[in-house]
Amino acid sequence: GNSVTQMEGPVTLSEEAFLTINCTYTATGYPSLFWYVQYPGEGLQLLLKATKADDKGSNKGFEATYRKETTSFHLEKGSVQVSDSAVYFCALKTSYDKVIFGPGTSLSVIP
Amino acid sequence: GAVVSQHPSWVICKSGTSVKIECRSLDFQATTMFWYRQFPKQSLMLMATSNEGSKATYEQGVEKDKFLINHASLTLSTLTVTSAHPEDSSFYICSADRSNTGELFFGEGSRLTVL
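Protein chains in written order, with the numbering used here: chain E, 1 to 111; chain C, 1001 to 1115.
Written as structure tokens, this is what we have:
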């Protein structure tokens, strides 16, 4: 079945550090891939998405590239801020299935 | 602005009582909505898929008589936690897929505390 694997957290970084959160997936067909973010005490919101191989999603300085050959969709940001502290969820959806979420990676950015 | 809204955002109730949580799509019609449960520091657990005008589809292990879902209109789904117990305390989140692309819009979440 379809599944999403993310790197284990929590991740703690200093402000302005480089961020990578790894995400790999298993899916039949050609899924759409998503990163959702959950700020403390809030619901989730879409951060970025990519719908086909080699697409790059980007938003708020975050980027992720859909890599079909490695079945990956790693999230990156060149310089994190304290306000980026949140839980990040990688997710996928195929045409005939519901959205599948990864376990989430908690990020804490310290000044 | 928000396109999916939940109410209440937090609720405290006594053990044995029932609690209703509402989920509304604000500017689109949602034939399908999703209800999740989230435990502290854990991922989202899909509880059920709410279908307008028909019965909800529950995930394995979720008690349908415990978590009643009603999707009576294209903009409103409700989750009722019946005879709540302390172990039902959790963060409940709803979502809807506005364009059936997998891009979900989430409500703000409802934190339930059962005393």
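Don't be surprised by glycine CBs; every beta carbon is placed ideally from N, CA and C.
Member of the options whose CA lies at the smallest distance from the CA of residue i
i: E:GLY29; options: E:GLY102, E:THR94 and E:PHE62; result: E:THR94
i: E:SER14; options: E:GLN38, E:GLY104, E:ASP84 and E:LYS98; result: E:ASP84
i: E:LYS56; options: E:GLU42, E:VAL4, E:GLY41 and E:TRP35; result: E:TRP35
i: E:TYR25; options: E:GLU63, E:VAL99, E:SER32 and E:SER3; result: E:SER3
i: C:THR1031; options: C:PHE1039, C:LEU1046 and C:ASN1070; result: C:ASN1070
i: C:SER1073; options: C:GLU1022, C:THR1017 and C:SER1009; result: C:GLU1022
Contact list for residue i against chain C, beta-carbon separation under 7 Å
i: E:VAL99; result: GLY1102 and LEU1104
i: E:LYS93; result: GLY1102
Closer than 9 Å at the beta carbon, the chain E residues around residue i
i: C:THR1049; result: LYS98
i: C:LEU1112; result: Chain E residues near C:LEU1112: none, gap ~14 Å exceeds 9 Å.
Contact set between residue i and chain E, taken where Cβ atoms lie within less than 8 Å
i: C:SER1043; result: PHE89, PHE101, GLY102, PRO103 and GLY104
i: C:LEU1026; result: Ordered by position in chain E, no residue passes the 8 Å Cβ test against C:LEU1026, which lies about 14 Å from the chain.
Listed by chain order, chain C residues near residue i by CB distance under 9 Å
i: E:LYS49; result: THR1101, GLY1102 and GLU1103
i: E:LEU46; result: GLU1103, LEU1104, PHE1105 and PHE1106
i: E:PHE34; result: GLY1102, GLU1103 and LEU1104
Within chain C, partners of residue i - CB distance below 8 Å
i: E:GLU42; result: GLU1108 and GLY1109
According to a CB-to-CB cut-off of less than 7 Å, which residues of the region 1075-1109 of chain C neighbour chain E? Listed by position along the chain: ILE1093, THR1101, GLY1102, GLU1103, LEU1104, PHE1106, GLY1107, GLU1108 and GLY1109.
At which residue ranges does the region 15-103 of chain E contain complete beta strand (DSSP E) runs of 3 or more residues, listed in the order of the chain? Along the region 15-103 of chain E, the beta strand (DSSP E) occurs as fully enclosed runs of 3 or more residues at 19-21, 23-26, 32-38, 44-50, 56-59, 62-65, 75-77 and 86-93, listed in sequence order.
Is it true that the region 1002-1009 of chain C meets the region 1045-1056 of chain C, where meeting means three or more beta-carbon pairs spaced less than 8 Å apart? Cβ pair count under 8 Å is below three, so no.
I'd like to know if the region 1103-1113 of chain C and the region 1058-1071 of chain C are in contact, where contact means that at least 3 CB-CB pairs between them fall below 8 Å. Cβ pair count under 8 Å is below three, so no.
In chain order, what residues of the region 55-88 of chain E put their CB closer than 9 Å to some CB of chain C? For chain C, the residues of the region 55-88 of chain E that bring a beta carbon within less than 9 Å of one of its beta carbons are VAL87, in chain order.
Give a yes or no on contact between the region 1024-1038 of chain C and the region 66-78 of chain E, applying the rule of three or more CB pairs nearer than 8 Å. Short answer: they don't touch.
Completely contained beta strand (DSSP E) runs for the region 1014-1092 of chain C, where each covers 3 or more residues: Here the runs fully enclosed are 1019-1025, 1032-1038, 1044-1051, 1067-1073 and 1076-1081.
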